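J.: Structure incoming, see below.
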Amino acid sequence: MKSTRSRRAAAAINPRDVTAVILARNEAHNLPLAFASLPPDMPVLVIDHQSTDATAHVAADAGARVITRPFEGFVNARRFAQSQVRTPWTFMLDADERPDAQLVQALREAGESVAGYELSRTTFYRGKPIRMWRGERVLRLFKTDRAEVYAAPAAGGDAQLHERWRVDGPVGLLAGTLLHESYPSAHAYDMKYEAYTQTEAQGVRYSPVSLAVQTMKAPLRFAWYALGRGAALDGADGLRVAWASARYPAVVQWKAKRNRS
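When we follow the numbering used here, the leftmost residue of the sequence shown carries the number 761, and every step to the right adds one.
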């Protein structure tokens, strides 16, 4: 699919024509903040992956349409959610994300002359924004029938995670920031890191050459993240994240090797 960029578009989208879609499992604590950040007239669809907490009840009480189903991978979950949207536009949102006030205003003013919009996302670690995770462009608002999702695993292979969207048509850019409170604690980060690297390891072929190359590249990546992308300015937290990110492809290969044993 071809994508071009356009910053201006006419004929604002009616928020009632946009469904905010949230995938959730045990997110009862995050959902109220996510709901409160959305325009009040925007319908919400929550795909509940068999939560063991009050996720489904919290979502239903907030007026969301709730569908409960087993989790069968991120890409599959996104495709299913897209198939359940009844409005011309879709706004994909994670339970631990929320648009800031400027982005909410931009959502209200977005025009219909493009097929989708990118947002600028900033991810937080232990309650503070991390410089190397600022300004990530993510395509999240799009015409429901013009978009498709695909996997983009960070270490290559065919693991169905780190999903991305693309649209058939021009793409605009909305002002404001999507705030991503993904890692409230170091433990939460470690748990996701362990789960994601293990999933990616199952989707790659172990290669001694790749393992050696990725291990040697890790210090170079760390230097780039720490200095080039400003992680060192975030102190110990920034450096910890930079080192973990730099090692990520090598960790995936190490786990792929272990999985062969």
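Backbone N, C-alpha and C fix where the C-beta goes; we use that ideal spot for every residue, glycine too. This structure is a prediction, so every number in the text was calculated from the model and none was measured.
How would you label glycine 887, buried or exposed, when you count the other beta carbons within 10 angstroms and need 16 or more for buried?
T.: For this step, residue 887 is matched to residue 127 along the sequence shown. Exposed, since its Cβ has fewer than 16 Cβ neighbours within 10 Å.
J.: Please tell me whether glutamine 842 and threonine 904 are closer than 9 Å, where the distance is taken between their beta carbons.
T.: In the sequence shown, the residue the question calls residue 842 occupies position 82. In the sequence shown, the residue the question calls residue 904 occupies position 144. Going by C-beta atoms, glutamine 842 is nearer than 9 Å to threonine 904.
J.: If we require 3 or more residues per run, which beta strand (DSSP E) segments fall completely within the segment 888 to 963?
T.: 896 to 903, 907 to 910, 924 to 927, 931 to 933 and 938 to 943
J.: Which of the three DSSP states, helix, strand or coil, is assigned to phenylalanine 834?
T.: Locating residue 834 in the sequence shown gives position 74, where the first residue counts as 1. In the structure shown, phenylalanine 834 falls within a helical segment according to DSSP collapsed to helix, strand and coil.
J.: Report the partner residues of alanine 772 according to the DSSP bridge assignment.
T.: Here residue 772 refers to the residue found at position 12 when the sequence shown is read from its first residue. Alanine 772 is bridged to Gly871.
J.: Rounded to whole angstroms, what's the CA-CA distance from alanine 1016 to arginine 1000? Just pull it up for me.
T.: Your numbering for residue 1016 matches position 256 in the sequence shown. Your numbering for residue 1000 matches position 240 in the sequence shown. If I take the Cα positions, the gap works out to 23 Å.
J.: Grouping DSSP H, G and I as helix and E and B as strand, with all else coil, what is tyrosine 885?
T.: For this step, residue 885 is matched to residue 125 along the sequence shown. If DSSP states are grouped into helix, strand and coil, tyrosine 885 belongs with the strands.
J.: Taking only the alpha-carbon atoms, compute the straight-line gap between leucine 971 and arginine 965 and give it to the nearest angstrom.
T.: Here residue 971 refers to the residue found at position 211 when the sequence shown is read from its first residue. Here residue 965 refers to the residue found at position 205 when the sequence shown is read from its first residue. About 11 Å.
J.: Can you grab the Cα-Cα spacing for the pair glutamine 1013 / tyrosine 943, in whole Å?
T.: Looking up residue 1013 in the sequence shown gives position 253. Looking up residue 943 in the sequence shown gives position 183. Glutamine 1013 and tyrosine 943: Cα-Cα distance of roughly 24 Å.
J.: How would you write the range of the beta strand (DSSP E) that alanine 780 sits in, first residue to last?
T.: Indexing the sequence shown from 1 puts residue 780 at position 20. Alanine 780 -> beta strand (DSSP E) spans 778 to 784.
J.: Counting pairs of Cβ atoms below 8 Å between the segment 974 to 991 and the segment 943 to 957, do you hit three or more?
T.: Fewer than three Cβ pairs drawn from the segment 974 to 991 and the segment 943 to 957 lie within less than 8 Å of each other, which leaves the two stretches out of contact.
J.: Return the bridge partner residues of tyrosine 966 from the DSSP annotation.
T.: Here residue 966 is taken as the residue at index 206 of the sequence shown, counted from 1. According to DSSP, which records beta bridges pairwise, tyrosine 966 is partnered with nothing at all.
J.: Would you mind working out which of Phe902, Pro889 and Leu933 sits nearest glycine 990, comparing C-alpha positions?
T.: Locating residue 990 in the sequence shown gives position 230, where the first residue counts as 1. The option with the nearest alpha carbon to glycine 990 is Pro889.
J.: Between the C-alpha atoms of leucine 879 and threonine 937, what's the straight-line distance to the nearest angstrom?
T.: In the sequence shown, residue 879 corresponds to position 119, counting from 1. In the sequence shown, residue 937 corresponds to position 177, counting from 1. Looking at the two C-alpha atoms, the distance is approximately 7 Å.
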